[in-house]
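Count the sequence shown with the numbering used here and you get residues 10 to 257, in order. Don't be surprised by glycine CBs; every beta carbon is placed ideally from N, CA and C. Structure, as structure tokens:
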Amino acid sequence: MIKKILISQPKPASDKSPYYDIASDYGVELVFRPFIKVEGLSSKEFRAQKVSILNYTAVVFTSRHAIDNYFKLAKEMRLEIPEDMKYFCVTEQIALYIQKYVQYRKRKVFFGNTGKIVDLLPQMVKHKNEKYLIPMSDVHDNSTAELLNTKKLNHTECVMYRTVSNDFTEEEIKSFDYDMCVFFSPSGINAFEKTFGKTKNDEVVVATFGPSTTKSAHEAGLNVVIEAPQPEFPSMTAALKSYLSKIS
Numbered sequence: 010m011i012k013k014i015l016i017s018q019p020k021p022a023s024d025k026s027p028y029y030d031i032a033s034d035y036g037v038e039l040v041f042r043p044f045i046k047v048e049g050l051s052s053k054e055f056r057a058q059k060v061s062i063l064n065y066t067a068v069v070f071t072s073r074h075a076i077d078n079y080f081k082l083a084k085e086m087r088l089e090i091p092e093d094m095k096y097f098c099v100t101e102q103i104a105l106y107i108q109k110y111v112q113y114r115k116r117k118v119f120f121g122n123t124g125k126i127v128d129l130l131p132q133m134v135k136h137k138n139e140k141y142l143i144p145m146s147d148v149h150d151n152s153t154a155e156l157l158n159t160k161k162l163n164h165t166e167c168v169m170y171r172t173v174s175n176d177f178t179e180e181e182i183k184s185f186d187y188d189m190c191v192f193f194s195p196s197g198i199n200a201f202e203k204t205f206g207k208t209k210n211d212e213v214v215v216a217t218f219g220p221s222t223t224k225s226a227h228e229a230g231l232n233v234v235i236e237a238p239q240p241e242f243p244s245m246t247a248a249l250k251s252y253l254s255k256i257s
């Protein structure tokens with residue numbers, strides 16, 4: 010019986026989130042508690058990479074964290090971002106987030122539909138003379154660089170933020186009484202292991218989003234009962250709803 014679920018993400022900003030429908034429809038308690046948090050690099054740490062933000066004519070954003078820390082660093086270093094800077098974003102939602110910092114103009118903001126760099130590639134190739142800067146987390150692989158190399162694009166990857174554990178308090182550990190945990194990144198799995206070791210493996214079932222998260226969960230010996238996304242369940246909420254429906 011699943012009565013209490015820990016979602017390792019921040020609480021949804023909107024009351025219309027499908028998570029709240031799940032709580033109502035299936036009588037489960039949902040607790041939103043991120044296992045990880047993002048910290049931006051200091052300007053001193055960034056300068057150590059010997060990357061000059063103003064040497065680039067376009068920026069590729071893969072997340073809101075990348076946007077926040079790009080503009081934060083520019084402000085700390087007292088850099089004026091040129092009006093003609095171009096922004097390439099992996100989704101429209103991320104593209105719209107740029108409005109928090111600069112005026113949104115379609116002629117300089119481009120976005121993909123799938124959330125993957127490969128979907129952005131055709132638009133980037135149309136602007137092959139740009140010098141692309143790609144802000145990244147400290148945890149990343151070389152797949153983006155290798156992909157852009159295939160199209161002979163001028164690009165530089167740099168670290169602007171890092172992912173760290175959002176440690177549990179002693180009280181949270183003592184009162185841990187969840188039937189299911191929902192994870193969205195390998196870092197979340199690692200944080201869970203760091204906190205609880207193997208003590209919860211037989212008590213808690215796990216839902217994972219993304220192949221790398223699923224792989225990490227299996228390697229940790231967790232009882233994975235939901236693996237999303239799937240063709241029939243493109244979102245975690247859809248997969249969770251289906252699972253709860255089957256066991257209810």
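Contact between the segment 21-40 and the segment 105-115 is absent, with fewer than three C-beta pairs closer than 8 Å. When the beta-carbon positions are compared, Arg171 and Asp150 stay at least 8 Å from each other. Residue pairing of Ile14 in beta bridges, as defined by DSSP: Leu39, Met189. The segment 121-131 makes contact with the segment 154-164: 3 or more CB pairs, one atom from each, lie closer than 8 Å. Judged by DSSP secondary structure, His227 falls within the alpha helix (DSSP H) whose first and last residues are 220-228. According to the DSSP secondary-structure assignment, Arg114 is paired through a beta bridge with no residue.
In the DSSP annotation of this structure, the continuous segment of the beta strand (DSSP E) that includes Val47 starts and ends at 45-49.
Thr159 sits in a helix when the DSSP states are folded into three classes.
Beyond the five residues adjoining it in sequence on each side, Glu166 comes within less than 6 Å, by CB distance, of Ile143, Met145, Ala154 in the same chain, given in chain order. Closest by C-alpha distance to Gly230, out of Glu241, Glu212, Ser254, is Glu212. Under the three-state reduction of DSSP output, Tyr141 falls in the strand class. About 7 Å separates the beta carbon of Tyr141 from that of Tyr65, a gap short enough to meet the 8 Å contact definition. Contact check between the segment 188-203 and the segment 11-24: three or more CB pairs, one atom from each, fall below 8 Å, which counts as touching.
Per DSSP, reduced to three states, the secondary structure at Thr217 is strand. Each residue's CA atom was taken as its position, placing Val134 and Leu50 some 30 Å apart. Contact annotation, Ala216 with Asn175: C-beta distance approximately 19 Å; criterion of less than 8 Å not satisfied.
For the set Lys115, Leu162, Val118, the Cα lying nearest the Cα of Lys137 is the one of Leu162. The beta carbon of Val214 sits closer than 6 Å to the beta carbons of Met189, Asn232, Val234 from its chain, once the five residues preceding and following it are set aside; these are given in chain order. Contact between Tyr96 and Phe70 holds: CB atoms are separated by about 6 Å, below the 8 Å threshold. With a 10 Å radius around the Cβ and a threshold of 16 neighbouring Cβ atoms, Ala22 comes out exposed. Contact check for Thr222 against Ser244 fails: the beta carbons are separated by 8 Å or more.
If you compare the alpha carbons of Gly219, Phe218, His227 with that of Lys207, the shortest gap goes to His227. Residue Phe177 holds the alpha-carbon nearest to the alpha-carbon of Pro43 among Phe218, Ser254, Phe177, Glu89. Its chain contains Ile62, Ile90 as the residues whose beta carbon lies nearer than 7 Å to that of Ala83, once the 5 sequence neighbours on both sides are disregarded; these appear in chain order.
Between the beta-carbon of Met94 and that of Val68 there is about 7 Å, and that keeps the pair under the 8 Å contact cut.
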